[in-house]
Amino acid sequence: MTSTPHIHQAGSRADASPARTVAAWTVTARPVGDPVSVTLLREYLVDVADRYYRLHEQRDSTPEEIEQALAEMPSDDLAPPHGVFLLAHHEGELAGCAGLRLMDARTAELKRVYVRPAKRGLGGGGALLAAVEAAAGELGAGRIVLDTRLDLVEARGLYARHGYREVPAFTDGPYAEVWMAKELG
Numbered sequence: 001m002t003s004t005p006h007i008h009q010a011g012s013r014a015d016a017s018p019a020r021t022v023a024a025w026t027v028t029a030r031p032v033g034d035p036v037s038v039t040l041l042r043e044y045l046v047d048v049a050d051r052y053y054r055l056h057e058q059r060d061s062t063p064e065e066i067e068q069a070l071a072e073m074p075s076d077d078l079a080p081p082h083g084v085f086l087l088a089h090h091e092g093e094l095a096g097c098a099g100l101r102l103m104d105a106r107t108a109e110l111k112r113v114y115v116r117p118a119k120r121g122l123g124g125g126g127a128l129l130a131a132v133e134a135a136a137g138e139l140g141a142g143r144i145v146l147d148t149r150l151d152l153v154e155a156r157g158l159y160a161r162h163g164y165r166e167v168p169a170f171t172d173g174p175y176a177e178v179w180m181a182k183e184l185g
């Protein structure tokens, strides 16, 4: 296996609103257990949990539910030698994250993609996906797969715009409703 990738991406217009200026994005690998990484993982989980609970129970998640989910769904596998955790900065400000883990020698799974709400629509999702794909290549993967929920419409649109296509189910988790994959170069 290779060492932890260090990735730098310039801004991408692929998922940016045409009316907004796209500033440079920097995406770098960071230990998943680092306090900054943990902060973004928590924000990611609050974001997706709140959307789920608002849709199904007309409420937000509780701090206890978030802590329980963090314990039940750890991100420890998003670390070398078989994974990577990436942080995105926009204009020097922490703005997003994404993780990747090898499922087998050829396939990597995309996990925990998140851009802070104030930074959405500025190209961060595209910058993260480009960095994830580069990291997957460095890990030896030729394919990236992911699962997501039906209500995460923006995420599904982002993945589709970047060449991810729906595939048959490969997981059976309670929140997996759509499965996608992309073959890499």
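Be aware that the sequence shown starts at 1, since it is given in full-length UniProt numbering, and climbs by one per residue. The beta carbon of each residue, even a glycine, is placed where N, CA and C say it ideally should be.
Under the three-state reduction of DSSP output, T39 falls in the helix class. Note on geometry: alpha-carbon atoms of A141 and M103 lie some 9 Å from one another.
By the Cβ-count criterion, A118 is exposed, with fewer than 16 other Cβ atoms from all chains shown falling within 10 Å of its own Cβ. The residue among V84, A88 and R42 with its C-alpha nearest the C-alpha of A69 is R42. The secondary-structure analysis by DSSP pairs D77 with nothing; it has no beta-bridge partner.
Within the UniProt domain "N-acetyltransferase" (39-185), complete alpha helix (DSSP H) segments of at least 4 residues are found at 63-72, 124-138 and 153-161, given in chain order. For the pair L122 and P81, the Cα-to-Cα distance works out to about 31 Å.
In terms of Cβ geometry, L158 and V178 do not form a close pair [threshold 8 Å]. Annotation: the continuous beta strand (DSSP E) that includes V27 extends over W25 to A29. Annotation for L45: I66, A69 and L70 place their beta carbon closer than 7 Å to its own, counting only its chain and skipping 5 residues before and after.
Straight-line measurement puts the Cα of G185 at about 23 Å from the Cα of L78.
Between the region 27-40 and the region 83-94 there are three or more C-beta pairs closer than 8 Å, enough to call the two in contact.
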